[in-house]
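Residue numbers (the numbering used here): 20 to 593.
Written out as structure tokens, the structure reads:
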């Protein structure tokens, strides 16, 4: 999906983002009290309340996926889970990274950490039904996490292998997670990013025998919508009549057309044919905003867009440090931002720390000392010469990207020109999303253009990118460390983070980011933003800069579910 490929979560960020239009209010929020995930010792909600708005209306999403729909909804498959999590499947809690990690109870009404933060007890919500009418219970939660242990391919966040999860057990409506050591930073992953699955569906047939690859064509979840129909061109969701939040969802239909290119999606947004967008629109004020006073946008900054070199030793060129350093030195990131992204996405930096969002974790002196604070084509040429390449013997590399992502194409055109200046001939391969995913996940590429996601601190994005337990051998599916980077010293720093005090955590992030400079495993180009366009002619309840109750782009999971349960039709209220 646009801007993320595996957009499993989204980075925390300052809310003072780029320009935003005026728009609808936030509507009524999900049931339950909120507490800060920055220190989530406990949270309790009894639920209750009633729907505030009359039901009716439809929202159409224009979000470029670069492919037609495969009609798969497996929440453990990062290639398709953006169509499942939030729509159909839900987590135990929702963590709002736009509000410093404030939590809202979902399938759990509350949670309590042990004093040492090495175990946590969730109280599972009573009265919730699966969309097929069967009761949701604590056993479903235990089953979900047990399957992740039995089938490592399902454990997208390395909870059992890296976070030290040792057991998940149920007693009545209480579920206890136990860890080997303090595990508070992993709350964002296990409580917010894992969609709970129904044991009675997933314990039989192909779902049980092949859970990582099962298509899950007719998903059964607890979420606000069910899949009414799916074709290669459109997914139609219909309101879940047994949804546990009283009166919700207000909108009765969600239409999700498949787009292969930004241009038709942008036209549908500008005309109002689609109301919710999630992609780059060049000259957005003229092309989109000026077409209607109800057309609005907001671009909160998120994580990084980056060139991902294949670090596997079998790739003799891209696993060569001098080559990766040469690429990093050759790039003029300000130009990539200005030309490729119309300045909407700021220039990134080689530490991988998004600024100014995470300034306290950013080590400017380390960046400057290494010379990555500005482009240095002479240094790049010297490094290439040391590796045996020159203008008369250019290095030839290819980079994969997603067809239809016009801003990525524009950015890569700038990258290609800049690399040509130091003796690198870059071939850009535009691939449909499925082909791109297969090559990226399995390590079948030289370079890839990609965007990951993060969380309330830089730790989350960097852990996805660099933690060795998130990778896999060439030919096997990596969960998020697609570069195949592996460094025991870096792994050790990640493992220390969970038990560290806040000041030490800042120091650890600076140490981890120093390896981004030293080893250049990934080469950030621009800071990713949430591409978010929304139309208020008939629909209200949108997240806005003034009311950032969730990440606003339709590709954000599980945030999409929060938005869908707050949107309502103005005309239906008459």
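Note that CB positions come from ideal geometry on N, CA and C, so glycine has one too. The model shown is predicted, which means the values in this text are computed figures rather than measured ones.
Once DSSP output is grouped into helix, strand and coil, what is the label at residue i?
{"i": "residue 536", "result": "helix"}
{"i": "residue 360", "result": "coil"}
{"i": "residue 543", "result": "strand"}
{"i": "residue 315", "result": "strand"}
{"i": "residue 586", "result": "coil"}
{"i": "residue 449", "result": "strand"}
{"i": "residue 432", "result": "helix"}
{"i": "residue 197", "result": "strand"}
{"i": "residue 328", "result": "strand"}
{"i": "residue 45", "result": "Residue placement at residue 45 is flagged as unreliable, the pLDDT there being 32, under the threshold of 50; a coordinate-derived value is accordingly withheld."}
{"i": "residue 251", "result": "coil"}
{"i": "residue 443", "result": "strand"}
{"i": "residue 122", "result": "strand"}
{"i": "residue 149", "result": "coil"}
{"i": "residue 296", "result": "strand"}
{"i": "residue 395", "result": "coil"}
{"i": "residue 526", "result": "helix"}
{"i": "residue 558", "result": "strand"}
Closest to residue i by CA distance: which of the options is it?
{"i": "residue 569", "options": "77, 120, 132 and 177", "result": "120"}
{"i": "residue 19", "options": "466, 448, 266 and 141", "result": "An answer regarding residue 19 cannot be provided, because it is not within the stretch 20 to 593 covered by the chain."}
{"i": "residue 158", "options": "219, 436 and 290", "result": "219"}
{"i": "residue 263", "options": "128, 165, 167 and 378", "result": "128"}
{"i": "residue 538", "options": "344, 354, 449 and 118", "result": "344"}
{"i": "residue 546", "options": "406, 250, 376 and 232", "result": "376"}
{"i": "residue 451", "options": "419, 587 and 518", "result": "419"}
{"i": "residue 254", "options": "90, 297 and 148", "result": "90"}
{"i": "residue 75", "options": "149, 165, 270 and 336", "result": "270"}
{"i": "residue 334", "options": "100, 416 and 373", "result": "416"}
On the CB-based measure, 16 or more other CB atoms within 10 Å of its CB, does residue i come out buried or exposed?
{"i": "residue 502", "result": "buried"}
{"i": "residue 356", "result": "buried"}
{"i": "residue 212", "result": "buried"}
{"i": "residue 223", "result": "exposed"}
{"i": "residue 578", "result": "buried"}
{"i": "residue 145", "result": "exposed"}
{"i": "residue 472", "result": "buried"}
{"i": "residue 154", "result": "exposed"}
{"i": "residue 188", "result": "exposed"}
{"i": "residue 260", "result": "exposed"}
{"i": "residue 134", "result": "exposed"}
{"i": "residue 225", "result": "exposed"}
{"i": "residue 53", "result": "Note that residue 53 scores 41 on pLDDT, short of 50, meaning its location in the model is unreliable and no value can be drawn from it."}
{"i": "residue 556", "result": "exposed"}
{"i": "residue 210", "result": "buried"}
{"i": "residue 174", "result": "buried"}
{"i": "residue 499", "result": "buried"}
Can the beta-carbon of residue i be found closer than 8 Å to that of residue j?
{"i": "residue 399", "j": "residue 533", "result": "no"}
{"i": "residue 92", "j": "residue 230", "result": "no"}
{"i": "residue 215", "j": "residue 109", "result": "yes"}
{"i": "residue 433", "j": "residue 359", "result": "yes"}
{"i": "residue 575", "j": "residue 470", "result": "no"}
{"i": "residue 244", "j": "residue 268", "result": "yes"}
{"i": "residue 285", "j": "residue 300", "result": "yes"}
{"i": "residue 553", "j": "residue 274", "result": "no"}
{"i": "residue 77", "j": "residue 272", "result": "yes"}
{"i": "residue 97", "j": "residue 103", "result": "no"}
{"i": "residue 320", "j": "residue 365", "result": "yes"}
{"i": "residue 378", "j": "residue 348", "result": "no"}
{"i": "residue 527", "j": "residue 371", "result": "no"}
{"i": "residue 86", "j": "residue 317", "result": "no"}
{"i": "residue 468", "j": "residue 431", "result": "yes"}
{"i": "residue 573", "j": "residue 297", "result": "yes"}
{"i": "residue 325", "j": "residue 541", "result": "yes"}
{"i": "residue 205", "j": "residue 519", "result": "no"}
{"i": "residue 151", "j": "residue 239", "result": "yes"}
Using a Cβ-Cβ cut-off of 8 Å, state whether residue i counts as contacting chain D.
{"i": "residue 154", "result": "No chain D is present in this structure, which holds just one protein chain."}
Next item on the list: Could you tell me whether the segment 261-281 touches the segment 414-432, using the rule of 3 or more Cβ pairs below 8 Å?
Entry: yes
Note to self: Would the segment 453-465 count as touching the segment 321-341 if we require 3 or more Cβ pairs under 8 Å?
What the structure shows: yes
Next item on the list: May I ask you to verify whether the segment 75-87 touches the segment 174-186, counting CB pairs closer than 8 Å and requiring at least 3?
Entry: no
Check: Do three or more CB pairs link the segment 475-485 to the segment 436-445 at distances below 8 Å?
Finding: no
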